[in-house]
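So the sequence shown is numbered by full-length UniProt numbering: it starts at 1 and just counts up by one.
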Amino acid sequence: MVKIQKASIQHIEGIAKVCSEGNWATYRNLCSDEYIARVIKEFYNYDRIYQEVTTSNKGWGGYYVALEGNNVLGACGGGMKNEKEAEVYVLYLDPDKKNQGIGSLLLEAVTKQQTEFGAEEQWVSVQKGNDMGTPFYEARGFTFMFEDRSYANQEEEQYISCRYHRYI
């Protein structure tokens, strides 16, 4: 049985693993290996995840994890952009656990937290061409709003993020 809970220090390595593997599975055919490796190195290293697991405020609500026993199957986190708008910053699953409702449970947990913080709207970025993320968010009421330059781009890179929005 899958359990959703706020992440703690004991989940750091599992978060790093699931986010790294999820990144490779999602972006392998969309982005260069160098880009993927750079994103993983920046966001899914032990020290950063430690900070993000031990910090929780409106700007970053901490990670939520999906657990089967002690095994991390997925991780999700977000925060408030302003008084009424929230952002889902990260949502990754073990690639072998997709289409089992785990992503929905994680998104629900983060959304609940954000509504408790006062959110009425929610945003998420999905890499253009991401055939896993786009249908997931659209099925949960997110609507495409516009394209933007991807956050992790270096000067010569032209990866595009699709910005999605929903009222919550």
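Ideal Cβ placement from N, Cα and C applies to all residues, glycine included.
(request) Would you decide whether residue 109 is buried or exposed? Buried here means 16 or more other CB atoms lie within 10 Å of its CB. (result) By the 10 Å Cβ count, residue 109 comes out buried.
(message) With the cut-off set at 7 Å, would you say residue 74 and residue 49 are in Cβ contact?
(response) Contact flag unset, no.
(request) Measure from the alpha carbon of residue 19 to the alpha carbon of each residue in 34, 68, 89, then state which is nearest. (result) Distances from the alpha-carbon of residue 19 to those of 34, 68, 89 put 89 closest.
(message) Buried or exposed for residue 144, going by 16 or more other Cβ atoms inside 10 Å?
(response) By the neighbour-count criterion, in which 16 or more other beta carbons inside 10 Å mark a residue as buried, residue 144 falls on the exposed side.
(request) Could you name each continuous alpha helix (DSSP H) segment of 4 residues or more that falls completely within the segment 8–75, going from the start of the chain to the end? (result) Under the rule that a run must span 4 or more residues, the alpha helix (DSSP H) segments found entirely inside the segment 8–75 read 12–27, 33–43, 46–54.
(message) Rounded to the nearest angstrom, what separates residue 134 and residue 164 at their Cα positions?
(response) Using only the alpha carbons, I get a separation of about 9 Å.
(message) Cutting at 6 Å between CB atoms, please list the residues of its own chain near residue 60, excluding the five before and the five after it.
(response) Taken in chain order, the residues that qualify are 79.
(message) residue 162 and residue 126 - do their beta-carbons sit closer together than 7 Å?
(response) Their beta carbons are under 7 Å apart, which means residue 126 touches residue 162 by this criterion.
(message) Can you tell me whether residue 6 is helix, strand or coil according to DSSP?
(response) If DSSP states are grouped into helix, strand and coil, residue 6 belongs with the strands.
(request) Would you mind reading off the limits of the beta strand (DSSP E) that contains residue 137? (result) Here residue 137 belongs to no beta strand (DSSP E); instead the alpha helix (DSSP H) covers 133–139.
(message) Would the segment 42–56 count as touching the segment 115–124 if we require 3 or more Cβ pairs under 8 Å?
(response) Not touching, per the Cβ criterion.
(request) Label residue 15 either buried or exposed according to how many other C-beta atoms from any shown protein chain fall within 10 Å of its C-beta, with 16 as the threshold for buried. (result) So residue 15 ends up on the buried side.
(message) Please return the same chain residues whose Cβ sits closer than 8 Å to the Cβ of residue 147, not counting the five positions on each side in sequence.
(response) Cβ within range, chain order: 128, 160, 161, 162, 163.
(message) Would residue 4 and residue 107 be called neighbours here (beta carbons separated by less than 7 Å)?
(response) Their beta carbons are not under 7 Å apart, which means residue 4 does not touch residue 107 by this criterion.
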